[in-house]
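To start, the structure itself, in structure tokens.
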Amino acid sequence: MATRGRDLVITLKDVRVSVPVAIRRGDNANLICHYDMEGAELYSVKWYKGKREFFRYTPKEIPALKSFAVAGLSVEVRTKRKGESHDSTCPFELPAELCSNLLSSPTCRVEFEHDVVPAFGPRPLSNGSHLTLMAVESTATGKYSCEVSADLPSFDTMIVSSEMEVVDVPVTKPLITGIKQFYRIGDVVLGNCTSYNSKPAANLTWLLDDKKINATQTMQYPAYKDHQSGLDTATLGLFFHLSHHFLGRSKMKFSCVAKIHDVYEQRVDRWIEDERPKLLAASASPVGLNPVNYVHSIYDQSSAASSYHHHDGSDFDNQNSDAYMTQIQGNSRRWEGS
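Offset between the sequence shown (1-based) and our numbering: plus 7.
This is how it looks when you write it as structure tokens:
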């Protein structure tokens with residue numbers, strides 16, 4: 008136990024706070040203040056959002072639980088006011104005169120002389136260590152602090168803080184656009200994955216057969232903010248060169264995963280197929296020629312169709328070409344060398 012000064016002993020130990028890193032808008036948020044009094048008496052536990060106190064627990068006062076108005080915060084406290092009554096299943100430890108027909112109808116009505124949190128009936132979710140914020144809104148995002156104070160003689164005080172973010176999750180799954188059904192070796196798969204209307208913007212990840220695609224083959228576009236709703240839309244582009252990946256396979260699965268902290272995760276899949284799998288058969292190539300090179304030689308003899316993929320997910324293809332080879336203007340060398 009650490010000491011402070013000549014006579015005073017620091018009685019507080021292991022003060023820490025548990026606050027959700029993120030929580031969905033509309034959910035209840037449970038905050039916990041952990042502390043070890045090491046045998047000393049607790050004087051008070053106070054909660055702050057930023058610098059404003061909004062909740063206090065003082066066990067020697069009546070009522071012990073007090074909440075203070077702070078915009079955007081609603082603390083769960085079941086406090087009965089002076090003069091109010093409370094109907095509940097009658098606890099046997101109460102004096103008999105407070106209970107009517109105890110044996111036949113175990114229901115009692117108690118009128119309180121002071122503001123108090125009832126010791127019976129539904130228990131409050133908020134107390135000396137736990138705090139429940141009801142149906143949180145976006146304005147509840149911020150820093151939360153718990154201040155613990157010991158009683159006389161030390162009056163030691165410690166304060167700890169943590170951040171919480173209220174999340175607006177998307178109402179729809181992410182959307183994959185631009186990816187076709189059929190491709191050949193040598194093509195470039197161009198696509199976008201978009202997650203709409205969330206706060207903050209979702210983190211997007213491209214996968215190939217459940218394995219993360221290298222960042223050099225993706226492009227993160229700036230998030231678009233709807234200034235009316237305040238929500239963000241995220242888009243991650245894909246530029247994937249099909250080289251050896253198609254060998255010996257007829258299908259491949261591209262997936263996009265949208266995630267926001269640990270409160271939201273959605274995934275969508277898109278399958279693609281090899282347009283001419285029979286060309287890969289060794290029997291179809293001249294003797295002594297590598298099958299892969301043979302396939303490329305056939306593609307090189309055909310005219311390549313130009314494809315331009317826009318941020319909005321639209322494609323423009325030359326339908327007169329049967330090669331469906333994709334070219335990226337201005338970026339072909341960059342992506343082929345990646």
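Note that CB positions come from ideal geometry on N, CA and C, so glycine has one too.
message: Applying the 10 Å Cβ sphere with the 16-neighbour rule, what's the burial state of W54?
response: buried
message: By the three-class DSSP mapping on this structure, what secondary structure does A222 have?
response: helix
Rounded C-alpha distance that separates M141 from N199: 38 Å
T184 versus E144: straight-line alpha-carbon distance, rounded: 33 Å
query: Which partner residues of M165 appear in the DSSP bridge assignment?
result: V155
- request: Can you check the stretch 234–274 for any beta strand (DSSP E) of at least 3 residues that lies completely inside it and give the ranges in chain order?
  value: 239–248 and 258–267
query: For A47, which of helix, strand or coil comes out of DSSP?
result: coil
query: By the 10 Å Cβ neighbour count, where 16 or more other Cβ atoms means buried, how is P229 classified, buried or exposed?
result: exposed
- prompt: Exposed or buried, what is P177 when buried is set at 16 or more other beta-carbons lying within 10 Å of its beta-carbon?
  reply: buried
message: Across the stretch 256–263 and the stretch 210–219, are there enough close Cβ pairs to call them in contact, namely three or more that are closer than 8 Å?
response: yes
- prompt: Within 10 angstroms of its Cβ, does V7 collect 16 or more other Cβ (buried), or is it exposed?
  reply: The requested residue 7 does not occur in the structure, where the chain is confined to residues 8 to 345.
task: List the DSSP bridge partners of S81.
output: Answer by DSSP bridge pairing: none, since S81 is not bridged.
- request: Using beta-carbon positions only, say whether V174 and I69 come within less than 9 Å of one another.
  value: no
query: So I267 packs on P181, CB below 8 Å; how close in whole Å?
result: Not quite, the Cβ-Cβ distance comes to about 11 Å (not below 8 Å), so this is no contact.
query: In angstroms, rounded to a whole number, what distance separates the CA positions of L243 and S236?
result: 22 Å
Cα-Cα separation between V167 and E154, rounded to whole angstroms: 7 Å
message: Classify L159: buried if its beta carbon has 16 or more other beta carbons within 10 angstroms, exposed otherwise.
response: exposed
D194, buried or exposed, once every other Cβ within 10 Å from all chains shown has been counted against 16: buried
- prompt: Taking the beta strand (DSSP E) that T212 falls in, what are its first and last residues?
  reply: N210 to L215
- request: To the nearest angstrom, report how far apart K20 and R32 are at their CA atoms.
  value: 34 Å
field: Outcome for R23 when other beta-carbon atoms lying within 10 angstroms are tallied against a minimum of 16
entry: exposed
R59 classed as buried or exposed, judged by whether at least 16 other C-beta atoms fall within 10 angstroms: exposed
query: Among residues of its own chain, excluding the 5 on either side of S25, which ones have a beta-carbon nearer than 6 Å to its beta-carbon?
result: I39
- request: Would you identify the three-state DSSP class for A36, choosing helix, strand or coil?
  value: strand
query: How is T146 classed by DSSP in three states: helix, strand or coil?
result: helix
query: Mapping DSSP to helix, strand and coil, what is I69?
result: coil
Contacting residues, own chain, Cβ-Cβ under 6 Å from F247 (five flanking each side not counted): V196 and Q224
Closest residue to L138 among S250, S202, K56 and T164 (Cα-Cα distance): K56
Assigned secondary structure, M171 (DSSP; H/G/I helix, E/B strand, else coil): strand
- prompt: How is the beta strand (DSSP E) around N134 delimited, first residue to last?
  reply: That residue, N134, is in no beta strand (DSSP E); it is neither H nor E in DSSP.
Nonlocal neighbours in the same chain, by C-beta distance under 8 Å from Q188, ignoring five residues either side: W278, I279 and E280
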